[in-house]
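Before any comments, here is the structure.
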Amino acid sequence: MISSSINGTIINYYFHCKTQCWLHANRINLEDNSEDVRIGKILHEIKESKSKKAEISIENIKIDKITKDYLVEIKKSDSDIEAVKWQVLLYLYKLRCKGIEKKGKIEFIEVKKQAKKIHYINLDEKNAKELLEVLKKIEDLIIQDTPPPPIFENKCKKCAYYEYCYI
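Residues are numbered in my numbering as their position in the sequence shown, beginning at 1, plus a constant of 1104.
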């Protein structure tokens, strides 16, 4: 059973940064001050306004777009494809639990690290089993009394939580 508190942002942050995951899950939100977050939201709104299929909310998740065959997640950049992959797997799993089978499609507006703008993913049995293990690890992380110590990487410089972790 998936915890209802784990949403796409939390699973994405878990793969991106455990400290960021804990802070966000425990409602310490510093993203309102982040220029990158604002740009991502604006790009998302522009893309959505051009599409006839608007964002869909199911329980605590927000799916960018659903087509006949695909659940589509749109991202500003391809900076952390692994995190986005698990976010999409979570969405596919939640849809499957409701009797809806889809394939996953990730669309990047900016491509810097990947060779292509569109990536496909399927929720197979192996991924579903791994997803449940990841969700358990996230639950164990976010119930801790304090966040894990930050591990400095270059990506930290652009993070909305940078000041919290390093200043």
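Note that beta-carbon positions come from the ideal geometry of N, C-alpha and C, so glycine has one too.
In three-state DSSP terms, what is V1215? Stepping through the sequence shown from its first residue, residue 1215 is reached at position 111. Residue state for V1215 is assigned as coil, using DSSP reduced to three classes.
Inter-residue CB distance, Y1174 and G1208 (contact presumed, cutoff 8 Å): As a working mapping, residue 1174 is identified with position 70 in the sequence shown. As a working mapping, residue 1208 is identified with position 104 in the sequence shown. The Cβ separation is near 7 Å, so the contact holds.
Please report the Cβ distance between E1211 and K1221, rounded to the nearest whole angstrom; I am assuming they are in contact, meaning their Cβ atoms lie under 8 Å. Your numbering for residue 1211 matches position 107 in the sequence shown. Your numbering for residue 1221 matches position 117 in the sequence shown. With a Cβ gap of about 6 Å, E1211 and K1221 count as contacting.
Pair every Cβ in the region 1230 to 1244 with every Cβ in the region 1187 to 1196, then say whether three or more of these pairs are closer than 8 Å. Because the criterion of three Cβ pairs below 8 Å is met, the region 1230 to 1244 and the region 1187 to 1196 touch.
CA-CA distance, Y1197 and C1121? Numbered from 1 along the sequence shown, position 93 holds the residue referred to as residue 1197. Numbered from 1 along the sequence shown, position 17 holds the residue referred to as residue 1121. Their Cα atoms are separated by approximately 22 Å.
Using three-state DSSP, classify G1112 as helix, strand or coil. Counting from one through the sequence shown, the residue named residue 1112 turns up at place 8. If DSSP states are grouped into helix, strand and coil, G1112 belongs with the helices.
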